[in-house]
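Colleague:
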Amino acid sequence: MIPYGKQDITKEDIDAVIEVLKSDFLTQGPKVPEFENALAEISNSKYALAVNSATSALHIACMALGLKEGDWLWTSPITFVASANVGIYCGASVDLVDIDPLTNNMCPIKLEEKLIQANLNNKLPKVLIPVHLSGQSCEMSKIKKLCDKYSVRIIEDASHAVGGYYEGEPIGNCKYSDITVFSFHPVKIITTGEGGAALTNDPVLAKNMSLHRSHGITREESQMSGSSHGPWYYQQLSLGYNYRMTDIQASLGLSQLSRLKSYVKKRHEISGRYDDFLKDLPLKVPYHSPNSYSAVHLYVIRLKLNEIDMSHREVFENLRRLEIGVNLHYIPIHIHPFYKNKGFNYGDFPESEKYYSEAISLPMYTNLSLADQDKVIEALVASLETI
Ligand SMILES: *Cc1c(COP(=O)(O)O)cnc(C)c1O
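Under my numbering, the first residue of the sequence shown is numbered 114, with each subsequent residue one higher.
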């Protein structure tokens with residue numbers, strides 16, 4: 114089976130990890146801050162906080178923005194469940210903004226309509242989480258303008274988008290958001306095994322997230338109430354979690370980060386080749402926004418079901434039978450039983466539902482060989498020809 118995504122681990126990566134294993138610190142040593150500095154540098158942000166997953170990063174980001182019971186968090190229906198779940202972790206309610214069928218990202222026009230309505234009903238969200246699906250940025254300048262108008266804070270879920278650019282600047286620079294989050298799960302662009310990061314330019318948010326990442330504990334006297342009892346002293350100021358990244362993970366991340374540019378370039382080559390070979394088939398290849406350089410985490414095609422005589426499921430199953438590890442990103446948030454039980458209905462977000470009925474993620478990873486890519490293309494041609 115050719116998988117849909119796969120990590121690339123080199124000898125340098127392995128050596129970097131072994132070096133940490135032989136060192137004094139497996140965690141809370143020098144590698145985490147080194148990785149954080151490197152992340153801040155590549156993304157052009159002031160602060161980067163490494164954590165044990167993007168989910169944790171989204172959670173501490175919501176906490177730092179004060180999301181709590183009675184508040185609303187809005188995100189896209191087409192995302193991994195974590196983008197919505199973090200709102201529930203904070204006791205807030207979750208609502209969704211339908212996608213633009215061209216980009217498959219959150220639609221700024223629908224966002225504006227929904228904000229106008231929410232403003233009338235006194236139910237404006239505290240936090241909006243636009244998701245850069247497949248690694249292509251949402252229309253952040255439009256989204257930021259709308260959120261500023263209604264005082265909504267923004268967390269970019271850039272789990273797919275490390276190494277991407279928007280309007281010529283790196284994703285993660287937080288020019289259009291309060292906080293940006295990356296994921297380093299093995300299927301994403303670079304990996305630390307499990308891991309994530311939260312980036313911001315705001316020192317207060319950075320300090321806050323740093324507290325929430327480690328039990329709400331500080332060792333800095335300037336942050337304490339009252340004076341220190343001595344060199345052993347620390348204070349718990351709020352209820353945090355253990356969301357820390359280890360030095361083992363950070364060393365792998367640092368080593369991987371040195372190849373980020375070449376990884377994304379390679380993904381563009383694969384994507385360009387898919388575009389060329391698939392353009393005449395009864396399907397839509399991904400839209401490439403002219404003001405964005407995608408990190409190309411995913412290559413999602415949408416079947417033109419009115420031009421083929423098979424169901425979406427049949428095409429998908431044919432591909433799996435031909436040993437192509439296709440996938441589907443994502444099942445719309447609102448049709449999961451957990452969210453249905455919160456009052457959502459099928460039909461609430463028609464563009465997302467239509468996307469779900471047509472989308473297939475083809476294999477996309479830096480080491481996908483030309484021969485394997487040819488197999489994917491041939492399998493797709495064969496699957497669609499069995500009409
Ligand atoms: C992978 C992913 C997450 C969660 O990342 P983890 O590092 O696995 O916690 C969140 N949002 C999106 C869009 C993702 O793809």
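Glycine included, each C-beta is placed from N, C-alpha and C at the ideal position.
Answer with buried or exposed for Leu483, where buried requires no fewer than 16 other C-beta atoms within 10 angstroms of its C-beta.
Modeller: Position 370 of the sequence shown, counted from the start, is the residue given in the question as residue 483. Leu483 should be labelled exposed.
Colleague: With respect to the alpha helix (DSSP H) encompassing Arg326, which residues constitute its N-terminal and C-terminal limits?
Modeller: Numbered from 1 along the sequence shown, position 213 holds the residue referred to as residue 326. In the DSSP assignment, Arg326 falls within the unbroken alpha helix (DSSP H) covering 316-326.
Colleague: At a threshold of 7 Å, does Lys301 count as lining ligand 1 (C-beta to nearest heavy atom)?
Modeller: On the sequence shown, residue 301 is found 188 positions in, with the first residue counted as 1. Checking every heavy atom of ligand 1 against the Cβ of Lys301, one is found closer than 7 Å.
Colleague: Would you mind working out which of Glu427, Tyr354, Ser470 sits nearest Leu493, comparing C-alpha positions?
Modeller: Residue 493 sits at position 380 when you count from the first residue of the sequence shown. For the residues Glu427, Tyr354, Ser470, the minimum Cα distance to Leu493 belongs to Glu427.
Colleague: Please state if the CB of Ile212 and the CB of Ile191 are separated by a distance shorter than 8 Å.
Modeller: Taking the sequence shown and counting its residues from 1, the one referred to as residue 191 is at position 78. Taking the sequence shown and counting its residues from 1, the one referred to as residue 212 is at position 99. It is a contact, given that the beta carbons lie within the stated cut-off.
Colleague: Tell me which residues pass a beta-carbon proximity test against ligand 1: closer than 6 Å to any heavy atom, given in chain order.
Modeller: Near ligand 1, meaning a Cβ closer than 6 Å to any of its heavy atoms, lie the following residues in chain order: Ser166, Ala167, Thr168, Thr192, Phe193, Ala195, Ser196, Val244, Asp270, Ser272, His273, Ser296, His298, Gly309.
Colleague: Could you have a look at Glu471 and say whether DSSP puts it in helix, strand or coil?
Modeller: The sequence position of residue 471 within the sequence shown is 358, counting from 1. Three-state DSSP puts Glu471 in a helix.
Colleague: What is the rounded straight-line gap between the Cα of Thr305 and the Cα of Gly285?
Modeller: Counting from one through the sequence shown, the residue named residue 305 turns up at place 192. Counting from one through the sequence shown, the residue named residue 285 turns up at place 172. Using only the alpha carbons, I get a separation of about 18 Å.
Colleague: What are the complete beta strand (DSSP E) segments, minimum 3 residues, inside the region 296-371?
Modeller: 309-313
Colleague: For Phe138, count neighbouring Cβ atoms within 10 angstroms of its own Cβ and tell me buried if that reaches 16, exposed if not.
Modeller: As a first step, residue 138 is located in the sequence shown; it is residue number 25 there, counting from the start. By the neighbour-count rule (16 or more Cβ atoms within 10 Å), Phe138 is not buried but exposed.
Colleague: So, is Pro344 buried or exposed, given that buried needs 16 or more other C-beta atoms within 10 angstroms?
Modeller: In the sequence shown, residue 344 corresponds to position 231, counting from 1. Pro344 comes out exposed.
Colleague: With a cut-off of 8 Å, do at least 3 Cβ pairs link the region 179-196 to the region 334-354?
Modeller: In short, these stretches do not touch, since the Cβ pair count stays below three.
Colleague: Suppose only complete runs of 4+ residues qualify. What are the alpha helix (DSSP H) ranges in the region 413-484, listed by chain order?
Modeller: 425-434, 450-453, 463-471
Colleague: Contact between the region 451-460 and the region 419-434: three or more CB pairs below 8 Å?
Modeller: no
Colleague: So what does Leu396 bridge to, in DSSP terms?
Modeller: Here the question's residue 396 lines up with position 283 in the sequence shown. Paired residues: Leu416.
Colleague: With contact counted as at least three CB pairs below 8 Å, one residue from each stretch, are the region 311-320 and the region 119-135 in contact?
Modeller: Counting Cβ pairs under 8 Å, fewer than three are found: no touch.
Colleague: By Cβ distance below 7 Å, which residues in the same chain neighbour Pro501 in space, the five residues on each side in sequence not counted?
Modeller: The chain is shown from 114 up to 500; residue 501 falls before or after that span and cannot be answered.
Colleague: Relative to the C-alpha of Tyr202, which candidate in Ser169, Asn217, Tyr459 has its C-alpha closest?
Modeller: Taking the sequence shown and counting its residues from 1, the one referred to as residue 202 is at position 89. Residue Ser169 is the option with its Cα nearest to Tyr202.
Colleague: Could you check if Asp291 is buried or exposed, using at least 16 other CB atoms within 10 Å of its CB as the buried criterion?
Modeller: The residue you call residue 291 lines up with position 178 of the sequence shown. Flag for Asp291 reads buried.
Colleague: What's the gap between the Cα of Ser206 and the Cα of Lys181?
Modeller: Position 93 of the sequence shown holds residue 206. Position 68 of the sequence shown holds residue 181. Rounded to the nearest angstrom, the two C-alpha atoms are 9 Å apart.
Colleague: Put Glu125 into one of helix, strand or coil per three-state DSSP.
Modeller: Residue 125 sits at position 12 when you count from the first residue of the sequence shown. Under the three-state reduction of DSSP output, Glu125 falls in the helix class.
Colleague: Do you know offhand how far Asn157's Cα is from Asp315's?
Modeller: On the sequence shown, position 44 is the one that residue 157 refers to. On the sequence shown, position 202 is the one that residue 315 refers to. If you take the alpha carbons of Asn157 and Asp315, they lie about 13 Å apart.
Colleague: What residue range does the beta strand (DSSP E) around Val240 cover?
Modeller: Here residue 240 is taken as the residue at index 127 of the sequence shown, counted from 1. Start and end: 240-242.
Colleague: Please go through the same chain and pick out, in chain order, the residues whose beta-carbon is closer than 6 Å to the beta-carbon of Lys272, but skip the five residues on each side of it.
Modeller: Within the sequence shown, residue 272 is the residue found at index 159, counting from 1. A small correction: the amino acid at residue 272 is Ser; Lys does not occupy that position in the sequence shown. Closer than 6 Å at Cβ, skipping near neighbours: Ala167, Ser296.
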